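Take a look at the structure set out below.
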Amino acid sequence: MAPDTRIGVDVGGTFTDVVAVSEGSIRTHKTPSTPDAPERGVLDGLDESQAAGLDPETASFFAHGTTVATNAVLERSWAETALVTTEGFRDALEIGRQTRPDLYDLHAETPAPVVERDRRYEVPERLDGRGNVIEPLDEEAVRRIAAELGDVESVAVSFLFSFENAAHERRVRELLESELDCSVSLSSDVLPEMREYERTLATTINAALKPVMDRYVGRLADGIESAGVPADLRIMQSNGGLVTATEARERPVNTLLSGPAAGVQGAAYVAGETEMDDIVTMDMGGTSCDVSLVRDDDPVISTEQTVGEYPVSVPMVDVHTIGAGGGSIAWVDAGDVLRVGPQSAGADPGPICYGRGGTEPTVTDAHVLLGRIDADRFFEGSADVDAVRAGVERVADDLGMGVEEAAQGILDVANASMERALRVVSVERGHDPREFGLVAYGGAGPLHAPRLAAELDVPRVLIPRSAGVLSALGLLISDVGYEYSTTRVRSWDELDAETLESTFAEFETEGRERLDAEGFPEERMRFERVLDVRYDGQPFDLRVPAPGEVDADALAVVADRFHERHERRYGHASPDEPLELVTVRLRARGVVDPPSLEREAGARGDATPRETRPVTFDGVDRETPVYRRDTLDPGTEFDGPVVVESAESTTVVHPGQRVRVDDLENMVIET
């Protein structure tokens, strides 16, 4: 009988990572991403992995992290889209919250609306704040609009208070689909919550992405089927839960942070296995660095994330992203100041050391020049050190300094950007970095994390065994998850526990049906209840876990929890002030049995340095031992400076730091 295989594929800006787990054996592979057709990189990775011994026909599980939706938003390369909205609210997308990106810049520009004004249409209809009909839907107006929409691929529908009563939106969908060959997204499906701008924006982004994601997922599904993979395709959502390909095509707005969410899930899992419950995650790839915070083993979920210029209020793992990756380009601005990124050399042509025609010096090139990356054992052969030196020399000449000094400057500038990002998710949110561990992964994360940890007084850095492909590995341990929500703004005193319980019960029924259809037995289903609560009159709210069954006692428990969370978050609470319910939420999870990550027993290499070579630390060349990662047995310990090389990433341990290899073969660096 063929062994069961689980496959995870994560597409990054520079590399596409493939991880296959079978009977405790882990196979990993990196292949260049193909930005013009991302599915080609996935299929290339499968094909190349097959040549290395992976049999796709044994796959029982196939999960994918994608950047297609993210790139479409960043590049505005989405479908021709129209918006249908309540009469008088045509310009909600443009007005937004009137939040100024720069308070004192009188000429600051706001993000261009997803849908241009001549593609935004008003329909006479109106509901009150409780969903009662004030003005019936004008169906003839909808038919007239349909006659004008012959060339659009997708339509978004967002009416006032549709989260209380979706009947008007659903009728509009029926009318449009009877007249047009296009997809329709309803705000009552995409984000049935209050705040008109955010709900309309999320719905229009979903509509604009649907044709893009539909085509991509269709091509990918056909490709993996042709490759012999029998497993159904699952896609990672921004909230850290997997969904079917069908759901991803229908709700692409929920995949905007697909890849980063998988990485955080993987980091939380690996850290939990080593009893590190509180961590900051750092995923540095070729184009960006994503950082996030995990408390008590649970990634922080937020509805206040910004993707590109747009505040997208769907649930996402709270990831802060900056343009600092291995491919980030170093340049000198008009004031003769060294800058790094956000422009990236990407996968093609890539850094100079890739030898694919790149001419702009990058962070990776600086590492090569300083001896941290072995120029003789590079990704696809040997790096041209002379070409790398020439590229960095151009920057050095502009700055009036030596080449090695410029290379160190490139790393220092990149580190400064990443240190600020790490402070955003820790210090600026009231968390002391000294109480956390730092989990570093991605192709470039382990190169920088030990130095950043020292700067932030983080006591330990964890470098997972498969750090270079941890996002792909995270896909294999993530649960299937569906989010349900609806806004019900009610004062606490008028809450009807029975009605609230029935709302949760409806969500659970729908979630149970979905999970059952995906093959999850009842004992592997989990339902997490949450209420968004605020003080009466507040413009913001806090998420509070709700007990299993809602009654008067349960509401009292929620109120107490809210006051505690408000005190912890803002430093004060007012238990005597009246409360208000805002939104009812439920997350339905199908619990996945994580694959065994224990390494196969067998011969190990000799844990002695492969070589010793000069590596530059703070301007000083030091003869530094270089180890192969796969020769380090659990229990191995040594002091820095040390370089540890693996197939997917390189770790640089600085002088004064100590390394040990734990029982799961993670490297733990004491800073």
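Going by the working numbering, the letters in the sequence shown line up with residues 332 to 1002, in that order. Just so you know, even glycine gets a beta-carbon here, dropped at the ideal spot from N, CA and C. Please read all numbers here as calculations on a predicted model, not as lab measurements.
Query: Leaving out five residues on either side along the sequence, give the residues of the same chain with a beta carbon under 6 Å from the beta carbon of residue 600.; Result: 808
Query: Leaving aside the five residues before and after residue 647 along the sequence, list all residues of the same chain whose C-beta is less than 8 Å from its C-beta, in chain order.; Result: 569, 570, 587, 588, 592, 632, 633, 634, 636
Query: Would you mind reading off the limits of the alpha helix (DSSP H) that contains residue 894?; Result: 883 to 901
Query: Leaving out five residues on either side along the sequence, give the residues of the same chain with a beta carbon under 8 Å from the beta carbon of residue 419.; Result: 453
Query: Can you name, in chain order, every residue of its own chain whose Cβ lies under 6 Å from the Cβ of residue 582, other than the five neighbours on each side?; Result: none
Query: How long is the line joining the alpha carbons of residue 696 and residue 448, rounded to whole angstroms?; Result: 46 Å
Query: Apart from the five residues on each side of it in sequence, which residues of its chain come closer than 6 Å, Cβ to Cβ, to residue 941?; Result: 957, 959
Query: Straight-line CA distance for residue 534 to residue 445?; Result: 10 Å
Query: Any idea which residues DSSP pairs residue 360 with across the strands?; Result: 349
Query: Specify, as a first and last residue, the run of the alpha helix (DSSP H) that residue 948 falls within.; Result: From DSSP, residue 948 is part of no alpha helix (DSSP H) but of the beta strand (DSSP E) over 942 to 948.
Query: Among 529, 479, 905, 595, whose alpha-carbon lies nearest the alpha-carbon of residue 492?; Result: 529
Query: As a quick exercise: from 964, 549, 616, 442, pick the residue whose alpha carbon is nearest that of residue 749.; Result: 616
Query: Residue 749 by DSSP, collapsed to three states: which one?; Result: helix
Query: Going by the beta-carbon positions, is the gap between residue 626 and residue 609 smaller than 8 Å?; Result: yes
Query: Does DSSP put residue 1011 in a helix, in a strand, or in coil?; Result: Residue numbering for the chain in the displayed model covers 332 to 1002; residue 1011 lies beyond these limits and cannot be assessed.
Query: Would the beta-carbon of residue 828 fall within 8 Å of that of residue 881?; Result: yes
Query: Under the three-state reduction of DSSP, which class applies to residue 730: helix, strand or coil?; Result: helix
Query: So what's residue 704 in DSSP terms, helix, strand or just coil?; Result: coil
Query: Give the secondary structure of residue 576 by DSSP, where H, G and I count as helix, E and B as strand, and everything else as coil.; Result: helix
Query: Measuring straight from C-alpha to C-alpha, what distance separates residue 793 and residue 999?; Result: 5 Å
Query: Within 10 angstroms of its Cβ, does residue 494 collect 16 or more other Cβ (buried), or is it exposed?; Result: buried
Query: Give me, in chain order, the residues of the same chain whose beta-carbon lies closer than 8 Å to that of residue 700; leave out the 5 immediate sequence neighbours on both sides.; Result: 716, 719, 720, 723, 734, 735, 738
Query: Starting from residue 683, trace the alpha helix (DSSP H) in both directions and tell me its first and last residue.; Result: Note, residue 683: premise wrong, no alpha helix (DSSP H); not H, not E.
Query: Take the Cβ of residue 549 as the centre, count every other Cβ of all protein chains shown within 10 Å, and call the residue buried at 16 or more, exposed below.; Result: exposed
Query: Spatial neighbours of residue 472 within its chain, please: C-beta separation below 7 Å, excluding the five flanking residues on both sides.; Result: 454, 455
Query: Quick test of the definition: if touching needs 3 or more C-beta pairs under 8 Å, does the stretch 431 to 444 touch the stretch 495 to 505?; Result: no
Query: Assess contact between the stretch 341 to 356 and the stretch 371 to 389, defined as three or more Cβ pairs (one per stretch) separated by less than 8 Å. Is contact present?; Result: yes
Query: With 16 as the cutoff for other CB atoms within 10 Å, does residue 338 come out buried or exposed?; Result: buried
Query: Taking a contact to mean a Cβ-Cβ separation below 8 Å, would you say residue 772 touches residue 795 in this structure?; Result: yes
Query: So, is residue 537 buried or exposed, given that buried needs 16 or more other C-beta atoms within 10 angstroms?; Result: buried
Query: If you compare alpha carbons, which of 656, 524, 817 is closest to residue 677?; Result: 656
Query: Identify the continuous beta strand (DSSP E) that holds residue 976 and give its terminal residues.; Result: 973 to 976
Query: Suppose you measure from the CA of residue 664 to the CA of residue 776; what does that come to, to the nearest Å?; Result: 26 Å
Query: What ranges does the alpha helix (DSSP H) occupy inside the stretch 536 to 612, keeping only unbroken runs of at least 4 residues that lie completely in it?; Result: 576 to 581, 589 to 604
Query: In chain order, what residues of the same chain have a beta carbon less than 8 Å from the beta carbon of residue 412, not counting five sequence neighbours either side?; Result: 445, 446, 450, 483, 484, 485, 486, 487, 535, 538, 539
Query: Cα separation between residue 692 and residue 681?; Result: 10 Å
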